[in-house]
Structures are given as C-alpha cells and as structure tokens.
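Presented below is the structure to which this report refers.
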C-alpha cells in the first residue's frame, strides 16, 4: 500500500490499520514505519533494479523518454528517464522507469550530466542508445543534444501549433474565460449541478458533467469545449433566469468551428499516446493532418482557422524541426508494415538509406555510401488533395491509394551507381539486403489499426536482416507521454499527507510504484 497506493509510511502506525492487522494476523508483530522506510522499501527497490538491469542487458537497441516536472508541493524540479526496447527473442515491447531524480536547476549542462549519470548507473552502452525523446523546452533541446540523437515530442509540437493559432487568439481567450467560469459554477455548487441535471433530463440530453480543462494539455481544453457544446441547450436554459456567463450566437459558432477543426487533431493525439504505437506513425500522422487542413471548405470561419493551423504546422514540422529529413522518422515509417513507403516520394532514396544502414551495422559501409545517405532529397510525401472531405481517414485512404506502386522504382537497376562494389562479399550482401527489402515492400500493407509488432512477430524469420533495423527504429514510442504519466503518479507521491517525505524516498517510491505494475509483481 505504501509503494502502490501512495500511502504514507505512518500508515503502519494508524489505529485503524493496526486493528486490521491484529484482526487478520493476531500473532504478527507490526513493525514501525522506519522498518519499512529504511529496510523493506530500499530492498524492494534494489530487487526491482537488478531485475530490470538484466532485461536491459539483453536489449539490442534502447530508446528513451525524458521530461522535467516541477513539483507544486515543494517547488523542486524532477527529471525522469524511461527506457523502451523490443525483445530480441519474441519481438515484444518493454518499457521501464529507470530514474526519477531531483536536481537543483534546469540548466542544459546539468540535464546532460544527470542523464549521463543515469546511463552509467544502468550500464547502458552508447551502442545500445538509439534516440532520446524530450519535450521542446529550450533547456531540454540543448541538454539532450549533448547526448546524441534526440527528437522533440510530436504531441508537444501539436500543442504549440494549436496554442499559437487558437488559444492565443484574444477572442478565443475571452471564450475560454467564460467556459471556465461556467464549469466552475456547476463544479462548486451541488445545487446548481442538481438543477442542471434536471434540465438535462427534461431536454433528454446525456447526464454528463461539465469538464474543467488542464491548460497544459490542449486536448483537455478540447474536451471542456466539447462538454459545453453538448450541453448548450441545458446551459442556455439554466442561464435564462440565473446570473452566470453566457455565450453569444457568434461565440457558440466559434466553439463549434474550433471543435470541428480540432477533432482530427484529437484523434491523432490519442493514437500517438497509445502504448502500442511507435515513432513510425509520426510522418503519416503529420501528412494526414496536413492533407486534412489542405482540403477546401465553404465556411469562411473554418477556412481561415484551417489555413492558420496549416501554416503553423508547416513552420513547426517542416521548417523549424526538419523532422521529414530525420532518418529515425523515415526508416521507422518504412519499417512499419502499415505504411512502408506510401507516405514517402523517393522510394529509391529510402532504400539506399536502409541498405547503407545494414552495411554500416555489418561494418561494410564506404564513405560514398555515407555521402549518398546525407545528400538526399526530401523523401516525405507531398499531397495535393483538393476534395471537400473532412474525414482524416479518408485522407489516409487517399494517400495510400494515390501513391506510386511499390514496384514503380526498380532499386536493383540503380544499385550499381549508388554503391561502389569493392568486394564480392560486399556485393553479395547488397544483393541479399536488396532482395529482402524488395520482398517486404511488395507485400500488402497491414491494417491501419494493427500493432506493427504483431506483423513482425509472425514474419520475422523471413527478414533476418530487417529484424535488426526493426529492433532499432521501432523501439522508440511516438511521444514522451510515458514521462508525463509518470509525473501524474508523482502528484500522488508528493501529496499533502506525505509532505515530510525525503527526496530520496520519493524517487524510490515512484520507481517502485511504476515498475511493480509493469513487471506484474514478478520480481
């Protein structure tokens, strides 16, 4: 209960708990709280750490998520690191919390040093590290750049896009202010909520509570707007003879337009937050949203809103971050059997990347090969879709059906120009890699909602060389939500009834709380 349910160590000294234990086990002498804080919890921590460490040593490649959270209870900064990898034997994904540490300030150098120390503590070699996912704060960008390849969280980038285009708009700020006042009115008054509930019954509306948003998450604000829009008639009827903020017809129209435009963003955000998704979904997600925003609309308000979002997405994703040129995104997309090269334009160039990567892994890559990888064209699919169609999955189908056939480019014809043949062994390897890759790309795509690792589990013996790339590039999750969820747990650990908890014990308890559940108590 102390480790899993965020109970204080003083639980064992409370009268109610003492009576419960005495009833269940009359002969058991209940130890004092220091026995648990100084002995049992540290022992459990070490046991779990040993178990996880053994698992990490078997990982060929590991991706990491890191984030920083400031605890409101003590105003201390906390940095987390989670590890993500695919098991070599059965292609199952594994995720573990490696560390939750307090640190004095958030300077980039300190972040870099702390993360390096954590890697050393867990005996993680540089050869195992694939990439690190982080949020887009400047200190995290600089700090992680010292550790090698790192990328920003796509969900956080979408948050910035939506915030810049919508939530910073002065007219919409006023609407959000009214939204929160209305929700507060009902949340703080049981009488008001009861009257609203009666109105809902009369109007035959769903008996749903209004949602108050968390301003750090754009989709939380989306859910607040959605709940208010759903109960528009009930709120209007309630406000007819009561002094609460109300929306004008124009403001209701703006809310409706915003919900309409952001619905696809909400769907994509849920997908990218899934434990079963990989970074291979990022390029398709961005391309789908961009295509959706490019479609014509008759409503002038929606047209303007979509155009602003489209420009912001192009700035954040295509210009500033250059994500479309990152090998970690492109190869993960190709190795996802649901997408392969359908969201990319230059299939030959992508194949060159993969063959060169395989040669590099087998120490047979040349300088010319590396140059071919670096001097590439943009492989991201450019869409010109002008239909009036708002369904993002119709956009998905359009892209899949309109892209070039997998057989349009014959890679074998260009391989002699791309790779210098310096030895028969190297030539043979290129031929093997090319044949394996071509076989994979010519197979039908997997269903859009299928876990990509399910496909690889059943086909992995057919692709022994691509398997190594799968272990590397699909190890990374699409976002850093794992770290954010950890901080939600941290709010329980740093609650008011544990305000005397030491930083060290708090770190240990967070580690135990998450990893015990991940291991299903098998330690």
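Numbering (the numbering used here), first residue to last: 28 to 550. The C-beta atom is built at its ideal place from N, Cα and C for all residues, glycine as well. Quantities reported herein were computed from a predicted structural model and do not represent experimental measurements.
Apart from sequence neighbours up to five positions away, the residues of its chain that approach residue 492 with a beta-carbon distance below 6 Å are 385, 460, 463, ordered along the chain. In the DSSP assignment, residue 243 is bridged to no other residue. With respect to the C-alpha of residue 182, the residue from 36, 375, 371, 310 having the closest C-alpha is 310. Residue state for residue 362 is assigned as coil, using DSSP reduced to three classes.
DSSP places residue 114 outside both helix and strand once states are collapsed to three, so it counts as coil.
Taken atom to atom, the span from the alpha-carbon of residue 146 to that of residue 152 is near 8 Å. When the beta-carbon positions are compared, residue 337 and residue 358 stay at least 7 Å from each other. Separation of the CB atoms of residue 307 and residue 372 is rounded to 17 Å, and the pair is thereby denied contact status at 8 Å.
Annotated three-state conformation of residue 96 is strand, per DSSP. The criterion of a C-beta distance shorter than 7 Å is not satisfied by residue 258 and residue 230. 7 Å or more divides the Cβ of residue 498 from the Cβ of residue 62. By the Cβ test, the segment 213-221 is not in contact with the segment 190-201, since fewer than three Cβ pairs between them sit closer than 8 Å. The continuous stretches of alpha helix (DSSP H) do not include residue 121, which lies in the beta strand (DSSP E) extending over residues 120-130.
The beta carbon of residue 366 sits closer than 6 Å to the beta carbons of 311, 360 from its chain, once the five residues preceding and following it are set aside; these are given in chain order. Assigned with DSSP and collapsed to three states, residue 177 falls in strand.
The continuous stretches of beta strand (DSSP E) do not include residue 343, and DSSP gives it neither H nor E. Distance from the CA of residue 483 to the CA of residue 118, rounded to the nearest whole angstrom, comes to 7 Å. Under the three-state reduction of DSSP output, residue 160 falls in the strand class.
Residue environment: residue 420 is assigned as exposed (fewer than 16 neighbouring CB atoms within 10 Å of its CB, all protein chains considered). Under DSSP, residue 107 shares a beta bridge with 94, 127. Residue state for residue 238 is assigned as coil, using DSSP reduced to three classes. For the options 214, 292, 91, 109, the alpha carbon positioned closest to that of residue 159 is the one of 91.
Counting only runs of 4 or more residues that sit fully inside the segment 479-511, the alpha helix (DSSP H) segments are 479-486, 491-500, in chain order.
Secondary structure of residue 89 (DSSP, three-state): strand.
The alpha carbon of residue 96 has as its nearest neighbour, out of 292, 138, 278, 345, the alpha carbon of 138.
With 16 or more other Cβ atoms inside 10 Å of its own Cβ, residue 533 counts as buried. The criterion of a C-beta distance shorter than 7 Å is not satisfied by residue 288 and residue 542. Between the alpha carbons of residue 185 and residue 104 lies a gap of roughly 25 Å. Sequence-distant partners of residue 84 (beyond 5 residues in either direction) whose C-beta falls short of 8 Å from its own C-beta, in its chain, are 150.
The three-state reading of DSSP puts residue 308 in helix, counting H, G and I together. Straight across, the Cα-Cα distance linking residue 500 with residue 283 is about 40 Å. In this structure, DSSP gives residue 472 a state outside helix and strand, which the three-state scheme calls coil.
Per the C-alpha coordinates, the member of 180, 130, 325, 272 positioned closest to residue 300 is 180. Here residue 200 carries a helix assignment [DSSP, helix/strand/coil]. For residue 69, the uninterrupted alpha helix (DSSP H) run begins and ends at 68-84, by DSSP.
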